[in-house]
Amino acid sequence: MKDNWTTMAIGGALVCVLVAMVLDGSSPTVLIKPAPLLLVFGGTYFAATAGYMKSDLKGVKPILKRATGGDAYDMEVAIQEMARLAGIAKNSGIIALDKETHSIEDPFLRRGIELAVDGTNSEEILDVLENDIASTEARHRMGAKLFADMGGFAPTLGIIGTVMGLVHVLGNLSDPQSLGPAIGSAFTATLWGVLSANLIWLPISNKLKRASDIEVQIKHMEIEGLLAIQNGASSRFVRTRMESFLAPQSRAGAADKGAAA
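Residue numbering for the sequence shown is 926 to 1186, as defined by our numbering.
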C-alpha cells in the first residue's frame, strides 16, 4: 500500500494559500514569476547540495519518491510474516525456511533468515543485522538532512531575490506609478522562499525522519523475532514478543489481524 499522505497534505496546504489569496482579493497568478521561481528553487537546490558528495546525490530521487509516495511500512504485516515463519520452523525445523527465502520481499529479513538457516550463531547474526541497521540510519539521516538544509536555504534565497528586486526598483525611480507593482514583485521571492521551506522541504524532511524511525523499529522487531525462531520459539511467542514493540492501542489490532490470518 502506498503512503501518499505527504503529497496530499502539501497539496492541501498550497491550496489553502491560493484560496486565501483569492479571498483577500488577490490573484494567484501574481506568484508565477520566472525570476523568483528560478532563484528560490534552483538556488536552493544547488546551495543545499553543494555540501554533499556527488555520489550522495544519486539517491535523491528514490529518497524523494519514498517521502512523497513510497510503500507504507506496516508493523502488523511484519509481525504476521514472522509468526508464519516461526510456525514453519517449529513444525519442520529451521532448515525448512530455506525454501521460503525466495518469497520474502524484505532484503533485511531475507538476509537474517539465510544466516539462521546456515547455522550462524545468534551473536553473529545480531552483529550483522545491527550493522545493517546502522548503515540504513546513516543513509536516512543524510536524506532528511538534505531536505532540512533546503528548508533553511530557501528563505535566505527568497530574501536575496527581494533585495535584488528592490535594488532594481531603487535604480528606476523616474516612474513613480510603477513603484508599487515593482515592490510587490520583489517580495514574491521572499514569499516563495518562506512558502517552499515551510510547506514543502521541511515537511518532507520530517516525513523522512518518521519513515526512518518506523523502518528501524520494524528491523529491530524482526531481529527479536528471528532470534526467537532460532531458539525454537512458537509462532504465538514470536508474535507476543514482537507486539511488545507496539503501542498498547496497536496491539489489539495486530492480534485481531493475526487471529483472522
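Ideal Cβ placement from N, Cα and C applies to all residues, glycine included.
query                                                                                                                                                    : result
Which whole-angstrom value is the C-beta distance of V1141 and T1081, which I expect to be below 8 Å?                                                    : Their Cβ separation, rounded to whole angstroms, is 32 Å, which puts V1141 and T1081 out of contact at 8 Å.
Can you grab the Cα-Cα spacing for the pair K927 / L1034, in whole Å?                                                                                    : 21 Å
What are the boundary residues of the alpha helix (DSSP H) that P987 is part of?                                                                         : V985 to G994
Would you call T954 buried or exposed, if buried means 16 or more other Cβ atoms sit within 10 Å of its Cβ?                                              : exposed
Kindly confirm or deny that the region 1156 to 1164 and the region 1131 to 1147 touch, where touching means at least three C-beta pairs closer than 8 Å. : no
So the candidates are D949, V940 and A992; which of them puts its Cα closest to the Cα of T931?                                                          : A992
Under the rule that 16 or more other beta-carbon atoms within 10 Å means buried, what is P961, buried or exposed?                                        : buried
If you follow the alpha helix (DSSP H) that N1097 is in, where does it begin and where does it stop?                                                     : Note, N1097: premise wrong, no alpha helix (DSSP H); not H, not E.
Within 10 angstroms of its Cβ, does Q1005 collect 16 or more other Cβ (buried), or is it exposed?                                                        : buried
On the three-state DSSP scale, how would you describe K958?                                                                                              : coil
Compare the Cα-Cα distances from C1187 to each of N1156, Q1155 and L1124 and report the closest residue.                                                 : Beyond the ends of the chain as shown, which are 926 and 1186, falls residue 1187; an answer cannot be given.
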